[in-house]
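In our numbering, the protein residues as written are 8 to 559. The C-beta atom is built at its ideal place from N, Cα and C for all residues, glycine as well. Given the structure is predicted, the values throughout are model-derived calculations rather than measurements. What follows is a short report on a single structure.
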């Protein structure tokens, strides 16, 4: 809801700052004082293209700002959240600055936004019924929403949109899967080739380290055996060996009969025994540790095969077992993707069936609602002096799945007898379109999402009882929404819950809130002209009293 409006240096408005309450507020004033500049200011605030010519004489820029309460306006709250904009106490300040020396700028709570973003936000805050380009009613989306809301189909419409988005997500995923099918098939073939090679290799975890250790041991044994044989030969070689020499020395020393050499002879005897044991140990080692060149050759070939495969995969030979496991997992996942494509096809078919079911239900609700809404609007238009006006709601079938349903919706209108129905913006004048909008708003009372509705030119070319009817309808609308009406008719002004007067002094327009006395005087002036009489005051008071009595 609009709670405050400020306009600075816009055309003949020097500075205006007003609080706008709930209910129906009327704006009145003599011809030429700038009543519609308030509507123009709001239109600019909500994203209408600006011209530097509207900037006043008090500077090189014009500024319009407004405070909105967005309590309960879920669309506005969602818009803000999507842009990480906060709304302290559920209030936002929207501001637009129009400059003569550059492009205009727009802000929400001090953060800059684009003109496109401003227009989108504005559609959630205010619906202006004035010049054609400002009217949400001319937009197909608004017409569709009005019909669906009147049909009490808002929840069903949301379900349908969610169903479509689910279907679209599945279709996108299917396209991604199919787009990569050839690459996936090529990859599967290559993985099968690699895994066949790795399977044939049959490498085991830690096998490389175990083979390296065994090969080193076998190489060491072959070298050691040669040295041991040399040692044995040195010890036991016939008459040339060390053992033979020790035995000759022992026999010679045994023939010496000198007690002083007894210990020496004993030491020599022990040496012979130890060398004999050493020789036996070495010979036993040779028996138990034979060289195995065939095993060495097999290990060398095995390690070479492993190294060749590792080189192909550009990895360490020790990582081949884990690589084989990874490739097998990838192959399983890619093979599962074929099943995923088939499963996705089934899911898409199920999603389409669900969408079709919801779309048929929504279509029935729409078709069942068209006649009652057309008749309700026609009755209201007749009360507003448009006896030949008729609303026709046209449903045009659409192709394929979409978030909106089986049909496109368009509001057509006939304003004269015998005239073919035409789109709203092509056949109705500004005043007629405002009255048609009012009739639709009243007919769909309680179903609108936009909290503030502004009417300008709604009473052009009418008077008397028709004017009173329009005023009463506006007041009724104001009981459910905030309504701002610019009017030149006392019959309409008398219906307002609140009253603002626009006046001009020294070429500058200003706006003033009127109390009950001021409102009575202004309505009396509007009824009688420049000279206010007791009769016009009484007439004005009677209309005010009648408006209030209708609320009871």
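Whole runs of the alpha helix (DSSP H) within the region 400 to 475, excluding any shorter than 4 residues: When DSSP assignments are scanned along the region 400 to 475, the uninterrupted stretches of alpha helix (DSSP H) that are 4 or more residues long and fall wholly within it turn out to be 431 to 434, 437 to 450.
By the DSSP assignment, the beta strand (DSSP E) with residue 101 in it spans what residues? Taken as a continuous stretch (DSSP letters only), the beta strand (DSSP E) holding residue 101 covers 98 to 106.
On the DSSP letters alone, give me the boundaries of the alpha helix (DSSP H) that residue 255 sits inside. For residue 255, the enclosing alpha helix (DSSP H) has its first and last residue at 249 to 261.
Residue 381 to residue 391, Cα distance in whole Å? If I take the Cα positions, the gap works out to 15 Å.
Tell me where the beta strand (DSSP E) around residue 69 begins and ends. Segment 68 to 76, the beta strand (DSSP E) holding residue 69.
Please name the residue in 70, 290, 114 whose C-alpha comes closest to that of residue 87. The candidate whose alpha carbon is nearest that of residue 87 is 114.
Sequence-distant residues of its chain with Cβ nearer than 7 Å to residue 475 (five each side left out): Take residue 475, set aside five residues on each side of it, and the residues of its chain with a beta-carbon closer than 7 Å to its own are 498, in chain order.
Using the DSSP secondary-structure output, state which residues sit across from residue 228 in a beta bridge. In DSSP, residue 228 forms no bridge with anything.
My output table needs one value for residue 119: the three-state DSSP class, helix, strand or coil. Strand.
Straight-line Cα distance separating residue 323 from residue 348: Their Cα atoms are separated by approximately 36 Å.
Tell me whether the beta-carbon of residue 316 lies closer than 8 Å to the beta-carbon of residue 327. The answer is yes: Cβ separation under 8 Å.
For the alpha helix (DSSP H) holding residue 324, just list the boundary residues, first then last. Unbroken run through residue 324: none, as it is neither H nor E.
Just verifying my parser: in three-state terms, what is the DSSP assignment at residue 395? Three-state DSSP puts residue 395 in coil, outside helix and strand.
Span of the beta strand (DSSP E) holding residue 35? Its beta strand (DSSP E) spans residues 31 to 35.
Give the straight-line distance between the Cα atoms of residue 364 and residue 187, rounded to the nearest whole angstrom. Whole-angstrom Cα-Cα distance: 32 Å.
Opening and closing residue of the beta strand (DSSP E) in which residue 499 lies: Segment 497 to 500 is the alpha helix (DSSP H) holding residue 499; no beta strand (DSSP E) there.
To the nearest angstrom, how far is the alpha carbon of residue 312 from that of residue 319? Whole-angstrom Cα-Cα distance: 11 Å.
What are the boundary residues of the beta strand (DSSP E) that residue 213 is part of? The continuous stretches of beta strand (DSSP E) do not include residue 213, and DSSP gives it neither H nor E.
From the DSSP output, read off the bridge partner residues of residue 134. Answer by DSSP bridge pairing, in chain order: 460.
State the DSSP-derived secondary structure class of residue 64, mapped to helix, strand or coil. Shown here, residue 64 sits in coil according to DSSP, grouped into three states, outside any helix or strand.
Does residue 266 have its Cβ less than 8 Å from a Cβ in chain D? Absent here is chain D; the protein component of the structure consists of one chain.
Could you check the C-alpha separation between residue 572 and residue 496 for me, to the nearest Å? Nothing can be reported for residue 572, as the shown portion of the chain is limited to 8 through 559.
Strand pairing of residue 516, partner residues [DSSP]: Paired residues: 20, 511.
Just to check my reading of the structure: residue 460 and residue 341 have Cβ atoms closer than 8 Å, yes? What is that Cβ distance to the nearest angstrom? In this structure residue 460 does not touch residue 341 by the C-beta definition: roughly 59 Å separates them, more than the 8 Å allowed.
Alpha carbon to alpha carbon, what distance is there between residue 173 and residue 525? One Cα belongs to residue 525, the other to residue 173, and the distance between them is close to 59 Å.
Nonlocal neighbours in the same chain, by C-beta distance under 6 Å from residue 141, ignoring five residues either side: Low confidence applies to residue 141: its pLDDT is 46, below 50, so where it sits in the model is not reliable, and the reading given next is rough at best. So the qualifying residues of the chain are 50, 135.
Beta-ladder partner(s) of residue 296, from DSSP: BP columns for residue 296 are empty, so no partner.
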